Structure formats: C-alpha cells, structure tokens
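Enquirer:
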Amino acid sequence: MAEREKKLGLVGLIAIVVSAMIGGGIYNLPSNMSEGAAAGAVMLAWALTGLGMYFLATSFRALSDARLDLDSGIYAYAREGFGDFVGFEMAWGYWLSAVFGNVGYAVLTMDAVAYFFPPEMVSAQLQAFIGGSFLIWSMCIICLFGVSAANVLNIITTVAKLLPLLLFVGIVAIFFSAENFTLDFWGNASAGLDGLGKQLKSTMLVTLWAFIGIEGAVVVSGRAKNADDVGRATILSLILCLCLYVLISLLPYGFLTQAELAKLPNPSAAYVLEKLVGTWGASLINLGVIIALLGSWLSWTIMVAEVPHVAAKDGVFPKIFAKENRHESPYFSLLITSACMQLTMLVVLFANNAWLFLLDITGVMILYPYFVSAVYLGKLCMAGEYPKDQPVSKGMALFAGGFAAVYALWLLYAATPKFLLLSSIFFASGLFVFWKAKREQGHVALFVGWEKAGAIFVVGIAIIAAVFFGSGYGK
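This note's numbering numbers the first residue of the sequence shown as 169 and each following residue consecutively.
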C-alpha cells in the first residue's frame, strides 16, 4: 500500500501537464500574438494549433492505452518502434530541451522578481544568476524527496497560477467591446500587417510553444496510479489550456487595437490589466508570473529527470542514471540535470540574451520526439499490432498519428533551416553517452543494422552545421 500511495492519480497527472504547459509565457500572449496578426488571424491560428495538438494529444492517449507496458513514453515509443539509437537520441534531445528550458524559467522568474525588488547593489545579470542558481538547487532538493511529495506542491502551485489568469479573463471580459473586437478583424486596414497567410505563420510558432509540455503525463506514466488516467489527463489538460490561451489572447482586442497590444511591454497581460484597474492589476499579474514559472519549473524538473532515469533502466543511458534514493527519486539524474542547468546559468552572467537563442533551438528539438511518437503510432496500426477494443479506435489512432506527424513536420519546416542545423549539433553531442551506455551493457557493436547509417547522418549534418556557423554564415 505504501508503494501505491507514492503513485500519481488523475488530478496529479493533470497538474503536471497543465503546470508544464502554463509557464510565464501565457502572460505575454496579448502582445506576442498581436505583434504580427489581427484578431481574425489569431483566432484562426488557435483553431489550427488546437486541431494539431488535439491529434497529437490523441496520439499520446492512444499510445498510452495501447502500450501500458511502456514507461516514460516520449522516449520509450521511439526506442520500441525504431531501436536503441533513435530512442537514445529522442531521450537526449528531450533532456537537453528541458535543461535549457528550465534555465529560461530561472531567468524569467528573476525578471518578475525584479519588478518588486529592482537590483541595486549588483547588476541585473548577477542577481539573475544568484537567484536562479538558488532556485535550481531548491527545485532539485524538493524533487529528491520523491515525486509524490513534489506533486503535492505542484498541485497547489497549479491552482494558485490559475486564479490570477481566471481573474484576468473575468476583468477583461467586463470591459470587452464587440465593436472594437470586430474593427479591422482581418488586419486589412492595419499598417505593417501582412496578408492572412503570413499573419498565421507569425503566430503559429507562438501557439506551438504554449503547448510544449502536453506530453507530461506520458513522460511520468510509470508513476501513474492508474495507467488509463494518462490519456485522460492529456486530453483534459489540452482542453483547459486551450480555452485559457484563446481567451487571454483574444479578449484584449475588445478594447485595445492590434497596434496598441503589440507595443505593450512584457508581461503584456500585466499592462493590459493596469490600463483597466490600475497598478494593483499589474502587481497581481507579476505575482502570477512568479507562481506560474515556479510551478512549471517544478513540473519540468520532475519530467526532465524521469526520461534519462527510465532510459538508463533500459540500458540506453549510463546505468548510474537509474539509481534511486529511499524516496524512489532518481537522485543522480536530478543531480546531474541540476548541475547542467547550473553550468548553463553562466550564459546568463556573460550574455544577457543568449539563453533566448538556446530556447529557440531546444524548442525545435522537442518536435522530433513528437514526430517520432506519432510515426510509431502509425507503425503500430499498419503492422496490425494495435489492440482491439481501445478507447481510441484503430482508425482514429491511425488518422491522429498521421495528422500529428504531418503537423510536426510542418512546424519543423516553419522553424527555419538555421535552427534545424543547430539541433543536429546537440543530437551529435550525445553519442559519447550512448557509447558508454552500450559498453556498460557489454555490447560489442555500438550500432545495429541501419543505426550506423543514422549515426553517420547525424554526425555529418552536425559537421556541416559547425562549419556553417563557424564561418559566420549563421549569424
């Protein structure tokens, strides 16, 4: 019974997914979405992204129901479908994405803190480094006491972060004017706006980043109390977050023009509320930003340690990552992850905006595991291995997997070649870790079958990328 009490229930799984998706970025949606798009394009962008994410979430639900035996699905689906090398690369890329993303949370949290406590004795960069470092290790210590203890705190912060958002929606809805909202709905009269197609493209990547973390329940599926809850948590979290995103993005168009919204400083939601109710509104939103970032950071700390931990149990990561403490927490995985975050925090100290560049690169990298998971679902269906009598029918699973794979490919295309090239360097950087894991397992051959060709391809692209950027062409 003691072991079962440490497992995650439906509410806990939803808290992880919602908290992972709703970070500080949600408070910047009014300005980020309006920067290159009118209300009509923003509405259409959310509809298209919501559709794409629904099929991705349905793919994750179908996979979690069909393969209850696979833990940490975002990695396990890649390994089960395409071998150890692809599984490792997806785990490695996902892990790096989360490491750099958590550093971004550290910087954004300290920026929000600076609203209340402006730096006086030290520079803003040094304050961010010191405060961010303290928070990195605080999150690590919390998670060392076990996923159950961390998730209790995560549920509390998830509820706390939703309250300011709901208050924002309620207040802005009171001041909403349908006449203002429909004025220049498609941006035809707005100076500086492109046609509908380019308006959509300018917003689609913003909407994508808002849903990163939708795989949260799948990542920690091995700790779920009921495996069936994994799929339910994914779909319910998607619906909740999509509704919030749409309302927070569109309601401000009801009293401010596209140009006025685009000029708002970050977090733009704070300044929207400040215009309506005064400075207390801005203070409330900035407090909400801090809570949202800390909660999202905690969710990602749980998730980022879980992937290499499960991969190590399968012999794809070095076995030391599989070690657990008495709280069943993957302590080495947590410690090495936090140490990598600490090293990355040095970027903040010496290059104020460099971490934004890292976030762009690693945001692209997370699309690869999404794509591979969707393709694996299609492979299951086509091979006749998809079980009968599932909540998601075989036909729907095949369609969802195909749509999600095409959607992920389109987003990779929209991400520009520069970031695709840079991501290859990060993927190639993990080959030594893969080699060490294989040697520990006693494997004579590092690669099996076509994996050697895949490794040569990754290294080849990484070399081309290194030459490209080393020559200054990628600036």
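All C-beta atoms in this analysis are idealised placements derived from N, C-alpha and C, irrespective of residue type, glycine included. Bear in mind the structure is a predicted one, so any value in this text is a computation, not a measurement.
With H, G and I counted as helix, E and B as strand and the rest as coil, what does DSSP make of E171?
Expert: Low local confidence applies: a pLDDT of 46 at E171 is under 50, so the model's placement there is unreliable, with the coordinate-based value given in what follows. Here E171 sits in helix by DSSP.
Enquirer: Suppose you measure from the CA of V472 to the CA of Y262; what does that come to, to the nearest Å?
Expert: 8 angstroms
Enquirer: Sort out for me which residues DSSP pairs L176 with in a bridge.
Expert: A392
Enquirer: Specify the secondary structure class of H495 as computed by DSSP and reduced to three states.
Expert: Here H495 sits in coil by DSSP.
Enquirer: Which term fits A341, buried or exposed, when burial requires 16 or more other beta carbons within 10 angstroms of its beta carbon?
Expert: A341 is exposed by the Cβ-count criterion.
Enquirer: Using 8 angstroms as the cut-off, can you tell me whether the segment 297-312 makes contact with the segment 493-503, which would need three or more C-beta pairs spanning the two stretches below that distance?
Expert: yes
Enquirer: Can you give me the Cβ contacts of M307 inside the same chain, cut-off strictly under 7 angstroms, excluding the 5 residues immediately before and after it?
Expert: W465, L466, T469
Enquirer: In chain order, what residues of the same chain lie with their CB nearer than 7 angstroms to the CB of I339, ignoring the 5 residues before and after it?
Expert: L441, L444, V445
Enquirer: Buried or exposed, going by whether 16 or more other CB atoms sit within 10 Å of the CB of G191?
Expert: Buried is the label assigned to G191, since at least 16 other Cβ atoms lie within 10 Å of its Cβ.
Enquirer: Return the CA-CA distance between L236 and N322, expressed in angstroms with no decimal places.
Expert: Taking the Cα positions, L236 is about 25 angstroms away from N322.
Enquirer: With H, G and I counted as helix, E and B as strand and the rest as coil, what does DSSP make of G638?
Expert: helix
Enquirer: Alpha carbon to alpha carbon, what distance is there between A438 and S451?
Expert: 7 angstroms
Enquirer: Taking G563 as the reference, which of F223, T425, E474 has the closest Cα?
Expert: If you compare the alpha carbons of F223, T425, E474 with that of G563, the shortest gap goes to F223.
Enquirer: As an exercise, report each continuous alpha helix (DSSP H) stretch of at least 4 residues that is fully enclosed by the segment 234-322, in chain order.
Expert: 241-250, 252-284, 292-312
Enquirer: Give the range of the alpha helix (DSSP H) segment to which I593 is assigned.
Expert: 585-596
Enquirer: From A207, V414, T505, A633, pick the residue whose C-alpha is nearest to that of F594; which is it?
Expert: A633
Enquirer: Taking its Cβ as the centre, do 16 or more other Cβ atoms sit within 10 Å of N270, making it buried, or is it exposed?
Expert: buried
Enquirer: Should W214 and T375 be called a contact, given that it needs their Cβ atoms to be closer than 8 angstroms?
Expert: yes
Enquirer: Just the C-alpha distance for A583 and A430, rounded to the nearest angstrom, thanks.
Expert: 22 angstroms
Enquirer: Could you tell me the distance, in whole angstroms, from the CA atom of F297 to the CA atom of G463?
Expert: 19 angstroms
Enquirer: Using 10 angstroms around the beta-carbon of G546, count the other beta-carbons present and answer buried if the total reaches 16, otherwise exposed.
Expert: buried
Enquirer: Do you know offhand how far G272's Cα is from Q295's?
Expert: 15 angstroms
Enquirer: Among the residues of its own chain, which have a CB less than 8 angstroms from the CB of M169, if the five just before and after it don't count?
Expert: With a pLDDT of only 35 at M169, under 50, the local geometry of the prediction cannot be trusted, and the value read off the model is given with reservation. If we look at M169 and ignore the five residues flanking it on each side, it has no Cβ neighbours.
Enquirer: Sorted by chain position, which residues of the same chain lie with C-beta nearer than 8 angstroms to A573's C-beta, five sequence neighbours on each side aside?
Expert: F539, A542, V543, G546
Enquirer: Determine the DSSP secondary structure at D557, reduced to helix, strand or coil.
Expert: If DSSP states are grouped into helix, strand and coil, D557 belongs with coil.
Enquirer: So, helix, strand or coil for I453, using DSSP?
Expert: DSSP, reduced to helix, strand and coil, places I453 within a helical segment of the structure shown.
Enquirer: If I'm right that V475 touches Y243 with Cβ under 8 angstroms, what's the distance once you round it to whole angstroms?
Expert: 5 angstroms
Enquirer: Whose CA, out of C549, G180, K487, lies closest to the CA of A318?
Expert: G180
Enquirer: Are the beta-carbon atoms belonging to K604 and A392 less than 8 angstroms from one another?
Expert: no
Enquirer: Between the Cα of G208 and those of V281, T425, F250, spot the shortest distance and give me the residue it belongs to.
Expert: Of the candidates V281, T425, F250, the one whose C-alpha sits nearest the C-alpha of G208 is T425.
Enquirer: If we ignore side chains and look at the alpha-carbon of each, how far apart do N394 and K620 end up?
Expert: 38 angstroms
Enquirer: Quick one: Cα of I631 to Cα of N200, how far?
Expert: 35 angstroms
Enquirer: Determine whether the beta carbon atoms of I529 and F587 lie at a separation below 8 angstroms.
Expert: Contact: yes.
Enquirer: Does I632 come out as helix, strand or coil in the three-state DSSP assignment?
Expert: helix
Enquirer: Roughly how many whole angstroms lie between the Cα atoms of F302 and M513?
Expert: 11 angstroms
Enquirer: Measure the alpha-carbon distance for A328 versus M189 and round it to whole angstroms.
Expert: 15 angstroms
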